[in-house]
Amino acid sequence: MTYFITTPIYYVNDAPHIGHAYTTIACDILSRYNKLKGDKTFFLTGTDEHGQKVEKAALSKKKDTQNFVDEMSQNFRDLIPFLGCQIDDFIRTTEERHKIATQFLWNKLKDNDQIYLSNYEGWYSIRDEAFYLESELTKTENGLIAPSGAPVEWVKEQSYFFKLSQWEDKLLEYYEKNPDSILPRSRYNEVLSFIRGGLKDLSISRTTFKWGVQVPDTENHVMYVWIDALCNYITALNYPNTDHDSFKTFWPGIHVVGKDILRFHAVYWPAFLMAAGLEPPKQIFAHGWWTNEGQKISKSVGNIINPYEIIDTYGLDQIRFFLFREVPFGNDGDFSKDAIAQRVNADLSNNYGNLIQRISSFIIKNSDSAVSKPQNYKEIDHQLLKSFDETLVNYIKNMNSFQIDKALKNIFDYLSEVNAYVDSQAPWSLKKTDDQRMKDVLYLVTLITIKISVILYPVIPSSIDKALKIYNLSIDNLNLNNIEHFSPDLINLNIPKPLFPRIDL
RNA sequence: GGCGGAGUAGCUCAGUUGGUCAGAGCGCACGGCUCAUAUUCGUGAUGUCGGGGGUUCAAAUCCCUCCUCCGCUACCA
Numbered sequence: 036m037t038y039f040i041t042t043p044i045y046y047v048n049d050a051p052h053i054g055h056a057y058t059t060i061a062c063d064i065l066s067r068y069n070k071l072k073g074d075k076t077f078f079l080t081g082t083d084e085h086g087q088k089v090e091k092a093a094l095s096k097k098k099d100t101q102n103f104v105d106e107m108s109q110n111f112r113d114l115i116p117f118l119g120c121q122i123d124d125f126i127r128t129t130e131e132r133h134k135i136a137t138q139f140l141w142n143k144l145k146d147n148d149q150i151y152l153s154n155y156e157g158w159y160s161i162r163d164e165a166f167y168l169e170s171e172l173t174k175t176e177n178g179l180i181a182p183s184g185a186p187v188e189w190v191k192e193q194s195y196f197f198k199l200s201q202w203e204d205k206l207l208e209y210y211e212k213n214p215d216s217i218l219p220r221s222r223y224n225e226v227l228s229f230i231r232g233g234l235k236d237l238s239i240s241r242t243t244f245k246w247g248v249q250v251p252d253t254e255n256h257v258m259y260v261w262i263d264a265l266c267n268y269i270t271a272l273n274y275p276n277t278d279h280d281s282f283k284t285f286w287p288g289i290h291v292v293g294k295d296i297l298r299f300h301a302v303y304w305p306a307f308l309m310a311a312g313l314e315p316p317k318q319i320f321a322h323g324w325w326t327n328e329g330q331k332i333s334k335s336v337g338n339i340i341n342p343y344e345i346i347d348t349y350g351l352d353q354i355r356f357f358l359f360r361e362v363p364f365g366n367d368g369d370f371s372k373d374a375i376a377q378r379v380n381a382d383l384s385n386n387y388g389n390l391i392q393r394i395s396s397f398i399i400k401n402s403d404s405a406v407s408k409p410q411n412y413k414e415i416d417h418q419l420l421k422s423f424d425e426t427l428v429n430y431i432k433n434m435n436s437f438q439i440d441k442a443l444k445n446i447f448d449y450l451s452e453v454n455a456y457v458d459s460q461a462p463w464s465l466k467k468t469d470d471q472r473m474k475d476v477l478y479l480v481t482l483i484t485i486k487i488s489v490i491l492y493p494v495i496p497s498s499i500d501k502a503l504k505i506y507n508l509s510i511d512n513l514n515l516n517n518i519e520h521f522s523p524d525l526i527n528l529n530i531p532k533p534l535f536p537r538i539d540l
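Per our numbering, the first sequence starts with residue 36, numbered consecutively.
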């Protein structure tokens with residue numbers, strides 16, 4: 036099995052914020068999970084660097100446009116390791132390879148009679164890079180403004196159009212056959228109802244600015260955002276060389292996107308691909324938005340969440356965990372200090388971290404820092420092992436369907452069971468009555484803790500690296516295929532330090 | 001306006017095809033343990049399952065209606 040997962044390419048006009056971090060971490064979790072399953076994975080992210088907004092921003096800062104996007108793109112690249120993410124490629128739309136790919140895609144569409152020249156006129160917002168109907172606009176003292184509050188101007192220009200209207204039936208047919216190709220299901224329904232409402236041809240070029248990929252065989256047209264931006268996903272797989280190993284191995288892929296850009300990914304992009312004779316994406320997952328302490332996040336309110344600040348405050352894995360444990364993936368969520376502290380303390384510090392701490396400290400003090408495989412397990416021990424196997428099955432089922440929160444819930448429900456097992460067996464009492472049984476119990480709990488750590492790895496990788504070091508183990512030798520029967524003869528322990536200090540409320 | 005989703009304990013939410021489905025976690029109260037990051041374990045309380053009506057031997061679960069919230073989409077002015 037192979038697994039190709041992508042974030043959208045981020046528009047370099049903004050500084051990276053929690054939304055970018057959220058999408059990137061989501062893909063990292065899924066990518067690591069699939070690696071753990073043994074799949075060959077490819078995790079792609081990058082930056083979208085063209086368009087009028089960028090051109091103007093550079094101008095207003097009196098910077099050369101290329102230098103400007105170089106700097107802005109670097110901000111996004113720098114964020115990745117800070118988020119604990121491991122990517123396989125970072126693509127920029129200003130790269131030569133991307134120009135080659137998009138121009139080839141354009142020509143392919145043109146050869147297939149999917150593109151024609153016409154005129155576009157209407158109310159245009161530079162800030163939003165979008166046309167609006169007059170009915171959508173509001174009159175103010177400064178003239179008409181878009182729903183976003185951005186000013187608009189009347190623009191008339193020649194434009195190339197893509198024959199999107201011809202793809203209505205093909206798209207519907209494809210989606211009806213592949214109901215899991217857009218998730219969550221509510222988003223799938225929205226997309227289908229949008230397509231059923233009828234599709235209009237799509238304007239795909241502009242003459243009002245220069246900062247973009249030139250339309251082949253024209254003087255003054257550059258490609259408008261969608262062909263340019265969406266094509267990145269296949270550029271990175273060496274398109275137009277569809278015989279290339281990475282293209283053959285990894286396409287079609289999985290796109291994780293914010294709900295605001297679902298339509299472009301689920302309608303325009305598959306239509307472009309089919310029109311060019313390529314397969315549509317395998318899956319598109321639309322996630323939700325975060326609010327900040329119950330409030331909508333916006334520049335004007337000034338409550339933008341800076342990923343560097345929250346990670347410095349709470350810790351990397353604490354944030355990664357919170358984002359995906361607290362809220363069903365796909366739903367909107369609220370980012371609040373209380374919720375983070377509560378979640379991290381209850382699950383990571385108390386339930387998981389303290390289990391490791393109490394057992395490993397006990398082994399070091401009372402069992403010469405080592406435990407060996409028991410000769411026999413009791414019935415209650417078998418129960419605990421069986422329960423792990425069930426947890427693993429549910430975990431895999433949920434991770435496979437993007438339900439990261441449920442997969443994590445499975446784990447923490449089980450950890451409660453393990454803590455209860457420890458109390459019921461009370462090794463501190465066995466110490467006085469039955470040394471061998473005490474050691475067997477300690478081994479079993481240690482073994483279970485290791486297994487749990489492995490499946491927590493995709494979400495909190497750096498903490499799991501630390502946890503496994505206590506047992507002189509490494510994630511490199513453990514995975515979802517060998518974890519079920521993992522049971523070494525001897526486990527030597529190192530002195531543990533609390534993995535997740537409690538957060539003061 | 002159309003289409004879709006949601007309204008269940010203080011909070012966040014599970015509840016497949018109608019019959020242990022009235023639940024979980026957190027929080028709260030009480031009790032126990034003392035290995036552990038004042039951690040853990042056990043016990044307990046609170047709900048007219050949005051309102052009203054209906055079908056049924058039986059409904060949170062199906063039907064009708066109303067209210068509220070959200071998403072997508074359309075349009076008049």
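Even for Gly, the Cβ is constructed at its ideal location relative to N, Cα and C. Given the structure is predicted, the values throughout are model-derived calculations rather than measurements.
(message) Between which two residues does the beta strand (DSSP E) holding GLY81 run?
(response) 75 to 83
(request) Using three-state DSSP, classify PRO536 as helix, strand or coil. (result) coil
(message) So, for THR37: in the same chain, excluding its five sequence neighbours on each side, which residues have a beta-carbon less than 8 angstroms away from its beta-carbon?
(response) ASP74, LYS75, THR76, PHE77, THR284 and PHE285
(message) Between which residues of its own chain and LEU138 is the CB-CB distance below 6 angstroms, once the five residues before and five after are set aside?
(response) One detail in the question is off: residue 138 reads as Gln in this sequence, not Leu. Contacts found: PRO251.
(message) Determine whether the beta carbon atoms of HIS55 and ASP263 lie at a separation below 7 angstroms.
(response) no
(request) Could you check if ASP539 is buried or exposed, using at least 16 other CB atoms within 10 Å of its CB as the buried criterion? (result) exposed
(message) According to DSSP, SER194 sits in a beta bridge with which residue or residues?
(response) SER153
(request) Evaluate GLY81 with the Cβ neighbour count: other Cβ atoms within 10 Å of its Cβ, from every protein chain shown; 16 or more gives buried, anything less gives exposed. (result) buried
(request) Please state whether DSSP places ASN512 in a helix, a strand or coil. (result) helix
(message) Alpha carbons only, please: which of TYR268, ALA321 and ASN454 is nearest the one belonging to GLU572?
(response) No answer is possible for residue 572: it lies beyond the span of the chain, which begins at 36 and ends at 540.
(message) Check for me: the alpha helix (DSSP H) holding ASP280 runs from which residue to which?
(response) 280 to 285
(request) Might you give, ordered along the chain, the residues of its own chain that have their beta carbon closer than 8 angstroms to the beta carbon of ASN147, omitting 5 neighbours on each side? (result) ALA310, ALA311 and GLY312
(request) Quick one: using the 10 Å Cβ neighbour count with 16 as the cut-off for buried, is ASN341 buried or exposed? (result) exposed
(message) Please classify ALA50 as buried or exposed, where buried requires at least 16 neighbouring CB atoms within 10 angstroms.
(response) exposed
(request) Say whether the segment 507 to 515 touches the segment 484 to 493, bearing in mind that this needs 3 or more beta-carbon pairs closer than 8 angstroms, one atom from each stretch. (result) yes
(request) Please confirm whether PRO493 and ARG67 have their CB atoms less than 7 angstroms apart. (result) yes
(request) Reducing DSSP to helix, strand and coil, say where GLN318 ends up. (result) strand
(request) Kindly confirm or deny that the segment 288 to 298 and the segment 315 to 325 touch, where touching means at least three C-beta pairs closer than 8 angstroms. (result) yes
(message) The alpha helix (DSSP H) that contains LEU358, what's its start and end?
(response) 351 to 360
(message) Can you tell me whether ALA502 is helix, strand or coil according to DSSP?
(response) helix
(request) Determine which residues share a DSSP beta bridge with ALA405 and list them. (result) ASN527
(request) Inspect the beta-carbon positions of SER194 and SER160 and report whether they are closer than 7 angstroms. (result) no
(request) Measure the CB-CB distance between PHE364 and PHE282 and report whether it falls below 7 angstroms. (result) no
(request) Pick out whichever of LYS97, LYS212, ILE399 and PHE359 has its Cα sitting closest to the Cα of ASP382. (result) PHE359
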